[in-house]
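Residue numbers (the UniProt record's numbering), protein chains in the order written: chain W, 1 to 554; chain Y, 1 to 832.
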Amino acid sequence: MKRSGNDNSGAKTKKSKSSSTVETGLSESEITALQESILSSPKNYNEIAKLIDIVRDNSIKTSCRHSASAALLKIFGKLSKKGSLKKSGVVGASEQVAIWLNQRFIQFKELLLNNLSGASGSTNSPSLAVSALTILLKVFSVVEHKYLTPSTEYYYPKQTYSDIISSIVLSSLPSAVIDVVLEEFVKNYLMIYDDLRYYFYTELAAILSKELETEKKGGYDSPPFNGVPKTVVSRRVISTLQSISKFPKTDEEIENFFLSKPQFSKSSLKSGTPLKLSSHKIAFQKAWLAGLRLPQSSSQYKEVLNILHQRIIPNMQKPQLLMDFLTDSYNAGGPVALLALNGLFVLMQQYNLDYPNFFTKLYSLFDGSIMHAKHRSRFFRLVDLFLSSTHLPATICASFIKKMARLGLTAPPAAVVTIIPFIYNQLKRHPSCMKMIHRPEIDGEFSDPFDPTESDPLLTNAFDSSLWELEVLQTHYHPNVSTLAKIMSQPFRKPQYLLEDFLDHSYKTLFDAEKTRRVKAALPALEYESFDSVFVNPEINTGASTYMVGWSFA
Amino acid sequence: MAGSQLKQLKASLKANGLLGQTNTGKKGKRPNSSHDRKDRDKAIQSIREAFNPFDVKVTKQKVDVIGRTIQGAQGKPGISKQVGEENRRRAYEVMAKKNKAGGIIDRRFGENDANMTPEEKMLARFTREKLTGLASRKESLFNLEDDDGEDDTLTHYGQSLSLTDDFEQDDLGVDEDDEETKEIIRKRRMMMVNGNEEEEGESSAPKSKKEVMQEIIAKSKMYKYERQQAKEEDLHIIDELDAQENLDELLEDLNAYDRKHTVPKAESAERDEEYEQRVREMAFDRRAQPTDRTKTEEELAKEKAEKTRKLEQDRLARMDGEIYNDDDDDIGHTSDSGSGEEDEGEGDEDVNDAAEFGLDVRNFSDDYVSDGDNIDGSDEGEFLDEDDEEAESELSQPSKRRKVSESKPQYTCPETIDDLESILNQQTSSSEYPKVIERILDLYHPSKAVGNKQKLGVFTTVLFEFLQKPNYTSNYPQVFTKMVEQLKTLTTSHVEVLTDFCREQILQVNEKLTATRLGDSTVAPADVLLFTLIGLVFSTSDHFHLVVTSATLVLAQHLSQSPLRSAKDLLTNIFICDTLLAYQRISQRYIPEIPLFLQRLLTLSTSSEGAKDVAETLDIFVEDSDFHFDLDIKALKGLDGTLKLLDFVEPRDNLLERIFLHSLDTISTASNLWRDKLAYIEIFGPITKLLEVHGDIHPLVASTRSKLEKLIAISTKERVPLTLQSHRPLPIQTFAPKFEENYNVDKKSYDPDRERNEGNKLRAELKKERKGALRDLRRDNAFIAREKIKTKRQTDKEYHEKLARLERTIQTEEGAEKNKYEREKQARKRKH
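So, in C-alpha cells, the structure goes:
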C-alpha cells in the first residue's frame with residue numbers, strides 16, 4: 001500500500017533522489033540525513049519505503065544497503081519506543097499510520113530474513129547475511145521484545161526467532177556463507193546468552209519436527225526443508241549443535257540473558273522457562289533428538305558418537321531416549337558400533353539400560369577390522385571394563401581371549417602389544433582359563449574344538465582350545481613385541497598389567513622409538529652369507545642360490 | 001669345700017702354714033727374716049682375696065631357666081681386673097727393659113731362698129748346670145769333647161776349614177795347568193758359598209743387632225783380605241808376563257796393521273751410510289719377513305668351515321638376543337622380569353608396565369649418546385676386528401697384483417652418486433663396473449694415504465646409493481651381484497657410516513611410503529631396493545638390529561596400511577612381502593602383516609561372492625577402498641610368476657595375473673618358513689580356503705593348495721595343547737609356626753646345613769675374639785698411658801725435690817755466712 005502526497009516535501013525528496021538511488025544508492029550521510037528527517041517528523045514517514053527499497057535492491061552496493069538497514073533499525077526502534085507502531089484500535093489517522101508502519105516493519109523483517117534464507121536470490125555475501133542476522137536479532141530483542149510487548153508480562157517474540165532460525169537452517173545460500181553465519185550465531189550469541197540458546201533448541205526442534213512431519217504427510221504445497229537437501233540440513237544442524245559447547249551446570253549458572261530476565265512463575269515452569277536447568281535440558285534433548293532423526297553421513301555419525309557419552313548424554317533430561325539411536329548404531333557393526341559402545345555403556349551404567357545379548361554382540365564386534373581400527377584403544381579400554389568382572393563365565397572369557405589371539409595373527413604390532421597384556425590380565429582374573437596356555441595332560445587324540453564361526457561366546461568351545469597363536473606371536477618380528485609375548489611362558493607373578501600403558505601404541509610410536517635409538521657399544525652385525533645372484537639371472541643355471549626368488553630387473 | 005666361711009678360712013690358713021703350730025719351728029729356724037715376712041703377707045693377702053664374697057658379682061637373670069648355664073653370669077670383676085693389671089705390669093716391666101743393656105740381675109740359684117743350707121744350694125747349682133749342659137749340648141759349638149757333632153766344621157776367619165766339599169764346586173773344564181788363576185776363582189767362589197751358607201743357616205732364627213754387626217765386621221774384614229790376595233796374585237801374573245820378551249814385538253805388529261788398513265774417513269762414512277740404509281731397508285721390507293707356510297687345501301677348507309661355524313654361532317646368539325648391546329636395558333632386563341617382580345603394584349605409579357618391554361609411549365629415552373664422531377680414521381684400529389683386517393687384506397690383495405701394470409686409469413674417489421655415475425658412464429658396458437670399483441678401492445686403500453679411510457666411507461654410501469638405482473640391461477644382474485659383494489666387503493670396515501646412511505634412507509623412504517598411502521606419491525624401485533640391499537648387507541636374523549628392525553617396521557606398516565588401489569600397490573606390497581620373508585629366512589620370525597596382505601590379495605583377486613563370504617566368516621580384513629579385480633584366466637595359462645623391477649615403471653600386460661601367480665610362490669615360501677609354527681593352521685587355513693574359491697585356474701594354484709592342505713593335515717594331527725607354564729611350581733608361602741623338636745635353650749642354631757652351621761659358629765667366634773682383642777688392646781694402651789704419667793710425675797717430683805734441696809742448702813749456707821758476717825761485724829764493733 002502506498003500513501004502519497006501526505007507531505008510534499010517528502011514527495012519532493014523522493015522524486016529528486018529516486019533517479020540517482022536506482023543506480024548508486026545513497027551515501028552514508030544522505031542516509032543519516034534521511035533517518036533524521038524521518039524521526040523528526042511523522043511527515044517524512046514515506047522515506048521509510050525508500051530505505052526499504054534500497055535494502056531490497058540487489059544492485060546497490062552492500063555498504064549502502066548495510067547503512068540503510070541500520071538506519072531502518074534505528075527508525076523502527078525509535079518509533080516503537082514512541083509507541084507509533086502500536087495499534088490503538090481506534091479508527092483514525094494515527095491508526096492508519098500505525099498500520100502502515102507495521103506493514104513496513106514486517107516488510108523490513110522479511111527482507112532481512114530473505115537475506116539469510118537466500119530467497120531473494122542473490123545475496124551471496126556473508127557479510128550481508130551476518131549483518132542481517134545481527135539486525136534481526138536486534139529487532140527481535142529491542143524492538144519486539146522491549147517496545148512491542150503486548151502486555152506487561154514477559155514477552156518472547158517467538159515467531160521472529162523461529163523465522164530467523166528456520167531461515168538460517170533451511171537457507172538455500174551456499175554453505176560457505178551459511179557456515180559463516182552459523183559460526184557467528186554460535187560464537188557471539190548462542191555460546192553467550194542462555195536464553196537465546198534455550199529458545200534456539202526449542203525452535204530448532206519445532207522446525208525440524210514440523211518439516212519432517214510435512215515430508216511424511218506428503219501433498220505439501222511448499223517442498224519440505226525449503227527444498228534444501230536433507231543431508232545439507234542435517235550437516236548444518238549437527239555441526240551447530242556440536243559447536244555449542246556451553247551448557248549450564250546449575251540453575252545459578254544461567255545468568256546471561258539477551259532479552260530481559262524473565263519473571264519466574266508457575267505457569268512458565270510448566271511450559272518451560274530459560275531460568276531452569278531442567279528446561280534447558282529438555283530443550284537440548286529435543287533439539288538433539290530432532291537433529292539425529294535427520295539422515296547422517298558416516299563421518300557425521302562417528303563424530304556424534306564420539307562426543308555422545310561426554311557432551312550429549314550428561315546434558316539430557318532423559319538420555320534413555322537415545323537408546324534407540326545407540327542400539328541401531330551398535331547393531332550397525334564396524335567402527336560405528338565401536339563408538340556407540342561408549343554411549344551405550346554410559347546408559348547401561350547410569351541409566352539402567354538393559355541390553356540383551358550384550359556379550360554376544362560385543363563378541364561379534366571382534367572381526368578382522370577391529371585390530372586395524374583407529375579407535376582401537378578406546379574400544380579395548382571398554383572391553384577391558386566389560387570383561388573385568390570375575391563373575392563372568394569363564395567360557396565367555398575364553399571365547400574373547402581366543403578370538404583376540406586369533407585376530408592377533410594378522411594384527412599390527414601395536415595391536416599385539418595391547419592384546420597380550422589384555423589376555424594376561426584375563427587369565428589372571430579367570431585362572432580356570434589358564435589351561436588354554438597350559439594343559440599338559442590330554443587323553444588320546446586332540447583336535448581343536450574351537451569354532452571360529454560361532455557367534456555366541458558361550459558356545460565357541462574356546463575354553464577347551466589352546467592359544468597356539470600366542471606361541472607364534474612369541475616369535476614376532478619386532479623384538480619388543482616378542483619379548484612381551486614371552487610373558488606367557490614366564491611364571492604369572494605380576495597381579496595385573498596396567499593396560500593403559502599398552503593401549504596407545506601405533507606403528508608411528510614404535511618407529512619413533514627405533515628412530516631415536518642409538519647403540520653405544522656394538523655396531524650392527526653384518527650378513528656374511530652371500531648369494532650367487534641377488535635377482536633372478538637367466539644366465540646362471542638353476543642350482544644357484546638367489547636372494548629375491550621370482551624377481552628380476554627387466 | 002664344705003663348712004662355713006669361718007671353717008674354710010681356718011682350713012686355708014692352716015694349709016698355708018699360717019695357723020696352728022706356729023711354735024713348732026722352735027728348732028732354731030725362726031723365720032724372722034724380712035723375706036719370710038713378705039711371703040707371709042702375700043699368702044694372707046691371697047687368702048683374703050679368695051674369700052671375699054663381695055668380690056663376686058652375679059648378673060641377675062630375668063627368667064631363670066632350669067638346667068641352663070650361662071657363661072659369664074657370675075664373675076669377679078675386681079679380681080680379674082687386678083690379674084690383668086698385674087699381667088700388664090709384668091709385661092710392661094719386660095718392655096721397659098727391652099733394648100736396655102746393663103743392670104744386674106741376680107740369677108744365682110736359690111739365692112733368695114732362706115730355707116736352703118749352703119750345701120743344698122751348691123747341690124742345686126750343680127744339678128742345674130748338668131741339666132742345662134744336657135739340654136744345650138747340641139748348641140755348644142766349641143765343645144770339643146762332644147763326639148757326635150757331625151756337622152761341626154772348623155773355621156778360620158769365618159771360613160770353613162773342611163776340605164771335602166770343594167770338588168763339586170770346581171770348574172772342571174778349566175785346565176789344570178794355570179792353577180794359580182784357578183785357585184783365585186776357587187777361593188772367591190768358596191767364600192761366596194760360605195757366605196751364603198751362613199746366611200741360609202742362620203736366617204731361620206732372627207739375629208740380634210750385635211750379632212748382625214759382628215757378622216758385617218767379619219765379612220768386611222774377609223773381603224778386604226780377599227782383595228789383597230787377588231791383587232797380589234794379579235801382580236804376580238803381570239810380572240810373569242813381563243818376564244816373557246815377545247810382548248813388545250806383538251805390540252809393534254799391531255800398530256803396523258792399524259796404519260796400513262786405515263781408509264780415508266769420508267769414503268768410509270759414505271759407504272757405511274749406504275750399507276746402513278740397505279740394512280734398514282731389508283729390515284723393513286715385508287718380503288724379508290718369513291711368510292707363513294702355504295696351507296693345504298684341506299687346511300684351508302677346514303679353516304673356512306671353522307670361520308663359518310663361528311659366524312653362524314655368533315648369528316644364532318644374536319638371533320636369541322643373547323648379544324644385545326642396546327643402551328637402555330629394556331630387553332635385557334625383561335629376561336628376569338618374571339623372577340624379580342615382587343615389588344610391583346602398590347605405590348609406584350611412575351612405573352610404566354609397557355616401559356619394561358621398551359614400549360613406553362610417553363618418553364623415549366633421551367640419554368642416547370650420539371657417537372657418530374668417531375668415524376674419523378684416527379681410531380681405525382678400534383673397531384677393526386679380525387674379520388675387518390682380513391677384509392682389508394683382501395682389499396689390498398688386488399693392489400699387489402696390479403702393481404705390475406701401471407697404465408691403469410686414475411679416478412677421483414666419488415663423493416656423490418653423480419661422481420660415480422659419471423665415472424661409470426664412461427665404461428663401455430656395465431660389466432666393467434666391478435672392475436672400476438675395484439680400481440677405486442685399490443687407489444684409495446686406507447694404507448696408501450691419510451684420509452683414505454674417510455673417503456672410502458663416503459664411497460660406501462655412494463656405492464650403496466648407486467646400487468639402489470636399478471639398471472635394466474641384460475647383464476646387469478651378474479654385475480649387480482658382484483657389486484653387492486664388493487659393497488659387503490667394503491662395509492666390513494665402514495659399518496658405522498653405512499648404518500647412519502641406511503637409517504637416514506629409511507626415514508626418507510618411510511615418509512615417501514606414507515605419502516604413497518595418502519596418494520601423494522608413488523613408489524620407485526629404488527625405494528624398495530633399499531630394503532633388499534639392507535637385507536643383503538646386514539644380518540637380518542638378529543633379535544634386535546639397529547637398521548633391520550626399523551626397516552622391517554616400515555615395510556610392515558606399509559604392508560598393512562597401504563590401500564590396494566591398483567596393480568602398482570599390489571606389486572609394491574608383494575615385493576615387500578618377499579623382502580621381509582628373505583629377512584626371516586634364518587630366524588623364521590612371524591610377520592602378521594604378510595598373511596594379512598596375502599589374504600587380502602586373494603580376496604580381491606576374484607569378484608566371486610564365495611571369496612567375500614569366506615572373507616567375512618574368517619574375519620579377513622579388507623578395506624572398503626580396496627579394488628576388486630577378476631583374473632584373466634585365459635591369459636593366466638601362459639604366464640609365470642616372475643616379476644620385474646621394470647614393472648614398477650612400465651607395467652607389462654597382465655600384470656595382475658603375474659602378481660597373482662607370484663603371490664602363490666610367496667605363499668609357498670611363507671609356508672615353508674613357518675611350517676613349524678603351532679598356529680600354522682590358523683595362519684594358512686584362510687589362505688587355503690581362499691585358494692579353494694579360486695578353483696583350478698592354474699596348475700600352480702592347485703599345487704600350492706595341495707601343499708598347504710597337506711601341511712595343515714599334518715599340523716592338525718600333531719598338534720597338542722600348549723604347555724607354556726611347565727616351569728617349577730611356585731612355592732606357596734606358609735604361615736604355620738615352625739616348632740623345634742628337642743629344643744634346647746643353650747643350643748644356638750638348629751640349622752640342618754652342617755657346613756653353614758659351622759661357618760656361623762666360626763664367624764661368631766671370630767667376632768668374639770676380635771672384640772676381646774680390641775678390648776685388650778684398649779686396656780693395654782690405657783695402662784701404658786697411666787704408667788707413663790706415673791713415671792713422669794715421679795721424675796718431676798724428684799726434680800723438684802732436688803731443686804728444693806739445693807735451694808735449702810744454699811739458703812742454709814747463706815744464712816750461715818750471714819750469721820758469720822754478723823758475728824764478725826759485732827765482733828769488730830766490739831773491738832772498736
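Where is the CB? At the ideal position from N, CA and C, for every residue including glycine.
Asked                                                                                                                       : Found
Contact residues within the region 68-81 of chain W, judged by C-beta distance below 7 Å to chain Y                         : none
Spatial distance of D376 of chain Y from D500 of chain Y (CA atoms)                                                         : Model confidence at D376 of chain Y stands at a pLDDT of 38, short of 50, so the residue's coordinates are unreliable and nothing is read from them.
Contacts that K515 of chain W makes with chain Y (C-beta to C-beta distance below 8 Å)                                      : R503, L507, S550
G815 of chain Y, DSSP secondary structure in three states                                                                   : helix
Secondary structure of residue 863 of chain Y, DSSP reduced to three states                                                 : Nothing can be reported for residue 863 of chain Y: it is not among the residues displayed for chain Y, which extend from 1 to 832.
Segment contact flag, the region 707-716 of chain Y with the region 659-674 of chain Y, C-beta cutoff 8 Å, min 3 pairs      : yes
Chain-ordered chain Y contacts of D384 of chain W [CB-CB under 8 Å]                                                         : Within chain Y, no residue comes near D384 of chain W; the closest Cβ sits about 14 Å away, beyond 8 Å.
Inter-residue Cα distance where the pair is I419 of chain W and E765 of chain Y                                             : 59 Å
At least three beta-carbon pairs within less than 8 Å, the region 559-575 of chain Y to the region 514-523 of chain Y       : yes
Three-state class that DSSP yields for Y193 of chain W in the structure shown                                               : coil
Anticipated Cβ contact below 8 Å, V479 of chain Y with S430 of chain Y, distance rounded                                    : 5 Å
Assigned secondary structure, T58 of chain Y (DSSP; H/G/I helix, E/B strand, else coil)                                     : According to the sequence as given, residue 58 of chain Y is Val; it is not Thr. If DSSP states are grouped into helix, strand and coil, V58 of chain Y belongs with the strands.
Segment contact flag, the region 276-292 of chain W with the region 354-367 of chain W, C-beta cutoff 8 Å, min 3 pairs      : no
Residues, ordered as in the chain, of the region 636-656 of chain Y that lie near chain W by beta-carbon distance below 8 Å : G641, T642, L643, K644, L645, L646
Outcome for A15 of chain Y when other beta-carbon atoms lying within 10 angstroms are tallied against a minimum of 16       : exposed
Outcome for E349 of chain Y when other beta-carbon atoms lying within 10 angstroms are tallied against a minimum of 16      : Legend: pLDDT at E349 of chain Y = 43, less than 50; position of this residue unreliable, value from coordinates given subsequently. Its Cβ having fewer than 16 others within 10 Å, E349 of chain Y is exposed.
Residue from W:V336, W:Y161, W:Y351, W:S125 whose Cα sits closest to the Cα of S141 of chain W                              : W:Y161
Bridge partner(s) assigned by DSSP for S533 of chain W                                                                      : W:T546
Contacts that Y472 of chain Y makes with chain W (C-beta to C-beta distance below 8 Å)                                      : F553, A554
CB contact flag (R600 of chain Y, D626 of chain Y, <8 Å)                                                                    : yes
Cβ pair I31 of chain W, S63 of chain W closer than 8 Å                                                                      : no
Proximity winner among W:S69, W:I437, W:N102, relative to I52 of chain W (alpha-carbon distances)                           : W:S69
F502 of chain W at chain Y interface by Cβ criterion, 8 Å                                                                   : yes
CB contact flag (V462 of chain Y, T416 of chain Y, <8 Å)                                                                    : yes
From Y:T481, Y:L598, Y:A556, residue whose alpha carbon lies closest to that of S545 of chain W                             : Y:T481
C-beta atoms of V495 of chain Y and L526 of chain W nearer than 8 Å                                                         : yes
Assumed close pair F450 of chain W, K402 of chain W - CB separation to whole angstroms, cut-off 8 Å                         : 6 Å
9 Å Cβ cut-off: residues of chain Y touching L412 of chain W                                                                : Sequence check: residue 412 of chain W is Pro here, not Leu. What P412 of chain W touches in chain Y: A556, Q557, S560, Q561, P592, E593, L596.
Contacts that E438 of chain Y makes with chain W (C-beta to C-beta distance below 9 Å)                                      : None at all; the shortest Cβ gap to chain W is about 17 Å.
Under the three-state DSSP convention, the category T460 of chain W falls into                                              : coil
7 Å Cβ shell around N256 of chain W - same chain, five flanking residues per side excluded                                  : I192, Y193, D194
Cα-Cα separation between Y477 of chain W and R589 of chain Y, rounded to whole angstroms                                    : 5 Å
Q478 of chain Y: contacting residues in chain W (beta-carbon distance under 9 Å)                                            : S533, N537, E539, I540
4 or more residues per run - each alpha helix (DSSP H) lying fully within the region 267-346 of chain W                     : 277-293, 298-307, 323-332
Distance between beta carbons of L212 of chain W and W288 of chain W, contact taken as under 8 Å                            : Wrong, their Cβ atoms sit about 14 Å apart, outside the cutoff.
Three-way DSSP call (helix, strand, coil) for S203 of chain Y in this model                                                 : Note that S203 of chain Y has pLDDT 49, beneath the 50 cutoff, so the model's placement of it is unreliable and no number is given.
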